Amino acid sequence: MTLLLELSGITKAYGGAPALSDLSLAVGAGEYLSILGPSGSGKSTMLRVVAGFETPDSGDVRLEGRSILPVPAHERGIGFVFQGFALFPHMTVFDNVAYGLRHRSRGPVSDEADIRRRVGEALELLGLTGLGARAVSQISGGQKQRVALARTLVTDPKIVLLDEPLGALDANLRERMMIELKRIQAQLGGTFLHVTGNEQEALAMGHRTAVLDRGRIAEISPPQTLYNRPGSVRVARFLNCYNIFEGTVGDGAFRFAEAALPLPGEAATGAAAYCIRADKVTVAEETDPAAPGEAALPGRFIASEYSGARVTYLFDVAGSRPVEVEYHLSHRRPRSFDAGRRYALRWPAADALVFRG
Amino acid sequence: MPGAAMRCAGRRRTPSCSAAEAGTAMSVGAETMTEAAAPAPVPGRRTGRRVAALLAAPGALWMTAFLVVPIAMMVYVSFWTQKTFTIEPTLTLQNWGTFFGTSTYLSALWTTVRIWLIVLATTLALGYPVALYIGLFVRNKTVQTILLVVCVVPFWTSFLIRVLAWRPMLGTEGAVNILLMKLGVVSEPVAGLLFTELSVVIGMTQIYVVFMVGPIAFMLSRIEPSLIEAARDLGAGTGRIFRTVILPLSLPGVIVGAIFVSVMVLGEFATAAALSGRKVNMLGNIIVTQVGSLKWAFAAVVGVILTVVMGIVVAGLLRLVDLRKEL
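Chains A and B supply the protein sequences, listed in that same order.
Going by this note's numbering, the first sequence opens with residue -17, and the numbers climb by one from there.
Going by this note's numbering, the second sequence opens with residue 191, and the numbers climb by one from there.
Written out as structure tokens, the structure is:
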């Protein structure tokens, strides 16, 4: 994979508050890179620096090996899809999509027949054929999203930056657009940089997923690796599917409150965080003996939350936030527990992750 | 039969659907008919209408008494017969003949239109950049408000003082001439600054420019910054972005500002009287003179003409932009 976009040592502060601190990132040509970042992690700022709407305080942005910092935003040839779509309200769908071709300063297209053909192709790619004459106010939110995408793609950008592109859509539409986006990227073979605060979206969309934390990339891996083996406790926390206990490692076990959990492998003594994914935990009667190689923790049942394909059970555990246990209904039967009763929470010790605190 | 099935599918009523498919299409059809024929009466609909009438009544009465009736009177009186000091309700076209047969009055009409067009152009040329700065470049709402308030500071003094203050500014020995002489731009004082059409235009521009700035700044401040960024990202340079995005989106503000300025300038007489030394006569000045000499019927003719001109101008401006849609 050839290197397309490279950010090195980018720092940007707003009035003393750092948004990006020494951020480095390399994006390959044809890659779909999703970037997961909680709000305030600097993810929008990063995209705005690449697009040229913001100038970094230090560091360099290289596209195809050349620094683009001296190049003004309108000459960078980078596509930006805005969270709120930013469609021109006084133009039709067609004119919105044709905007870049007609008005760009580098190589504008003056042949109307050519514009009609290319806009027509873009509308077709996004399934918007027949909507060209509509006013922007006359189309639905999902269609606006598609128009915004068509408007960017028609200009044939070197890289497409998507700033929380699905954030303004409802859940149902979001899933459909996720599939659409992947199809379009595969069909065009372009490079997409997709920023989101939603862990499901980040894992589903990217060839690789990067986690942005406090203005720098905390980790960048394929989604499966990131989900199964996050590299740090902060990343595990962002993924929103791990139970995390804070305690210490000593005498060959992880200890917090009164509990002692077997370690998955070697771990240095001292303060540590112990992470176990919610769907790895099973619930057993307190009296049932634990199998060898299993970690066990007593917990008092609080409540359950049913959400179609899975049930999440919440257990109160001494010295920790409520522990989540997730039963995916495709391979586990739902159970009913008595509120307030104590149960044993078990999981294979090898599935746990221990990080130095 | 397929029709009945389709209706059923549309209404999602499975039990009656199977019944319809079994051959009771008629009854389903009848049911649909009754549903359509008897819409449930909206309770309180008549009360709502009465409340609406009650709310509209004071305004309607006021407008009838003080706008519709006076305008009708003005049109009527313009056809009355003028005696030396009185008017009589004998209908005649004489006053209208006098207006269109006298070059003084026709030239006043032309002067009014000319000054209106010039002031419209100068207020737009001076006001738009100010509005652009306040509405688009200042993104802090508080600072925006402060700047707009600063624009209306001149209104804290009386209209007459604002107009008359131009005399010591523009006179032969006025501030502008002193400055020009000191700077060595001219050796003799420029005489044509005061008591000319130029001074009238300068005075009116200063007074009315703020009515242009306000609406334009308002429209510009509503433009999402992301729209401009999107245009830039799509490759457009600053000039293009202004022409294709900023200007069209601010146009409703320009139209509203133009209506404010037009209505006020067309009806003007005080600035023209004070700064032209009575050399520049607009329709408003004619009305003042005629009323002063008790020529009510002729004043009514000029009044009707002025009203018609304003009507045409406002209607024309409103045709340019659909304000109800844009605002």
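Glycine included, each C-beta is placed from N, C-alpha and C at the ideal position.
Values in this document were obtained by computation on a predicted structure and should not be read as measured data.
Worksheet entry | First through last residue of the alpha helix (DSSP H) which encompasses residue 445 (chain B) | First-last of the alpha helix (DSSP H) with residue 445 (chain B): 437 to 456.
Item to complete: Kindly indicate the opening and closing residues of the beta strand (DSSP E) around residue 225 (chain A).
Response: Taken as a continuous stretch (DSSP letters only), the beta strand (DSSP E) holding residue 225 (chain A) covers 224 to 232.
Item to complete: On the DSSP bridge assignment, give the partners of residue 176 (chain A) in chain order.
Response: Bridge partners of residue 176 (chain A): A:16 and A:144.
Worksheet item: Who pairs with residue 49 (chain A) in a beta bridge, going by DSSP?
Response: DSSP, once it has assigned bridges, lists A:44 as partnering residue 49 (chain A).
Fill in: Cβ pair residue 445 (chain B), residue 338 (chain B) closer than 8 angstroms
Contact flag unset, no.
Fill in: First through last residue of the alpha helix (DSSP H) which encompasses residue 286 (chain B)
Note, residue 286 (chain B): alpha helix (DSSP H), 284 to 291.
Worksheet item: Closer than 8 angstroms, CB to CB, is residue 66 (chain A) near chain B or not?
Response: At a cut-off of 8 angstroms between beta carbons, residue 66 (chain A) contacts chain B.
Worksheet item: How about residue 377 (chain B) and residue 383 (chain B): are their beta carbons less than 8 angstroms apart?
Response: For residue 377 (chain B) and residue 383 (chain B), no; Cβs fall outside 8 angstroms.
Fill in: Rounded Cβ spacing between residue 268 (chain A) and residue 326 (chain A) (contact assumed at less than 8 angstroms)
The Cβ separation is near 5 angstroms, so the contact holds.
Worksheet entry | Members of the segment 424 to 448 of chain B near chain A, C-beta cut-off 7 angstroms | Answer in chain order: 424, 425, 426, 427, 430, 434, 435, 438 and 439.
Worksheet entry | Listed by chain order, chain A residues near residue 422 (chain B) by CB distance under 7 angstroms | In chain order: 55 and 56.
Practice prompt. Please decide whether residue 82 (chain A) counts as near chain B, where near means a Cβ-Cβ distance under 8 angstroms.
Written response: For residue 82 (chain A), at least one C-beta of chain B is nearer than 8 angstroms to its own C-beta.
Fill in: Closer than 7 angstroms at the beta carbon, the chain A residues around residue 416 (chain B)
For residue 416 (chain B), the residues of chain A that pass the 7 angstroms Cβ criterion are 64, 66 and 68, in the order they occur in the chain.
Discussion item. Please report whether the beta-carbon of residue 60 (chain A) lies at a distance below 8 angstroms from any beta-carbon of chain B.
Written reply: Taking Cβ atoms only, chain B reaches closer than 8 angstroms to residue 60 (chain A), which makes this a yes.
Worksheet entry | Chain-ordered neighbours of residue 419 (chain B) on chain A, where CB pairs are closer than 9 angstroms | By Cβ distance, chain A contributes 30, 33, 35, 55, 62, 64 and 68.
Discussion item. Quick check: residue 277 (chain A) and residue 339 (chain A), are their CB atoms within less than 8 angstroms of each other?
Written reply: Cβ distance not < 8 angstroms, so residue 277 (chain A) and residue 339 (chain A) don't count as in contact.
Discussion item. Please classify residue 310 (chain A) as buried or exposed, where buried requires at least 16 neighbouring CB atoms within 10 angstroms.
Written reply: Result: exposed.
Worksheet item: Using the C-alpha atoms, what's the distance from residue 43 (chain A) back to residue -9 (chain A)?
Response: If I take the Cα positions, the gap works out to 9 angstroms.
Item to complete: Assign residue 221 (chain A) to buried or exposed, taking buried as 16 or more other Cβ atoms, counted over all protein chains shown, within 10 Å of its Cβ.
Response: So residue 221 (chain A) counts as buried.
Worksheet entry | Listed by chain order, chain B residues near residue 88 (chain A) by CB distance under 8 angstroms | Result: 425.
Fill in: Opening and closing residue of the alpha helix (DSSP H) in which residue 259 (chain B) lies
Start and end: 259 to 267.
Worksheet entry | DSSP state of residue 329 (chain A) mapped onto helix, strand, coil | Correct three-state label for residue 329 (chain A): strand.
Practice prompt. Check residue 375 (chain B) in the structure and name its three-state DSSP category.
Written response: Taken through DSSP and simplified to helix, strand or coil, residue 375 (chain B) comes out as coil.
Item to complete: Can you give me the Cβ contacts of residue 232 (chain A) inside the same chain, cut-off strictly under 6 angstroms, excluding the 5 residues immediately before and after it?
Response: Answer for residue 232 (chain A): 251, listed in chain order.
Worksheet item: With DSSP run on the structure shown, which of helix, strand or coil describes residue 406 (chain B)?
Response: Looking at residue 406 (chain B) - three-state DSSP - the assignment turns out to be helix.
Discussion item. Going residue by residue through the segment 281 to 360 of chain B, where are the continuous alpha helix (DSSP H) segments of at least 4 residues, counting only ones entirely within it?
Written reply: Here the runs fully enclosed are 284 to 291, 293 to 322, 331 to 342, 349 to 354 and 356 to 360.
Worksheet item: Between the Cα of residue 226 (chain A) and the Cα atoms of A:234, A:337 and A:116, which residue gives the shortest distance?
Response: With distances taken between Cα atoms, residue 226 (chain A) lies closest to A:337.
Worksheet item: residue -4 (chain A): which of A:51, A:139 and A:31 sits nearest, CA to CA?
Response: Minimum Cα-Cα distance from residue -4 (chain A) among the listed residues A:51, A:139 and A:31 corresponds to A:31.
Worksheet item: Taking Cβ positions, are residue 427 (chain B) and residue 87 (chain A) nearer each other than 8 angstroms?
Response: For the pair residue 427 (chain B) and residue 87 (chain A), the CB atoms are nearer than the 8 angstroms cut-off.
Practice prompt. Mark residue 287 (chain B) as exposed unless 16 or more other C-beta atoms lie within 10 angstroms of its C-beta, in which case mark it buried.
Written response: In summary, residue 287 (chain B) is exposed, with fewer than 16 beta-carbon neighbours lying within 10 Å of its beta-carbon over all protein chains present.
Discussion item. Tell me which residues share the same chain as residue 463 (chain B) and place their Cβ nearer than 7 angstroms to its Cβ, disregarding the 5 neighbours each side in the sequence.
Written reply: Close CB contacts of residue 463 (chain B) within its chain, under the 7 angstroms cut and outside five residues either way in sequence, are with 475 (chain order).
Item to complete: Kindly provide the ranges of any beta strand (DSSP E) runs that are 3 or more residues long and lie completely inside the segment 99 to 155 of chain A, ordered along the chain.
Response: DSSP runs (the beta strand (DSSP E)) wholly in the segment 99 to 155 of chain A: 141 to 145.
Item to complete: To the nearest angstrom, report how far apart residue 148 (chain A) and residue 181 (chain A) are at their CA atoms.
Response: C-alpha separation (whole angstroms): 13 angstroms.
Worksheet item: DSSP three-state call for residue 413 (chain B): helix, strand or coil?
Response: Correct three-state label for residue 413 (chain B): coil.
Fill in: Buried versus exposed call for residue 331 (chain B) [16 or more other C-beta atoms within 10 Å across all chains shown]
By the 16-neighbour rule on beta-carbons within 10 angstroms, residue 331 (chain B) is exposed.
Discussion item. What does DSSP give as the partner residue(s) for residue 10 (chain A) in the beta ladder?
Written reply: When DSSP reads this structure, residue 10 (chain A) sits in a beta bridge with A:-15.
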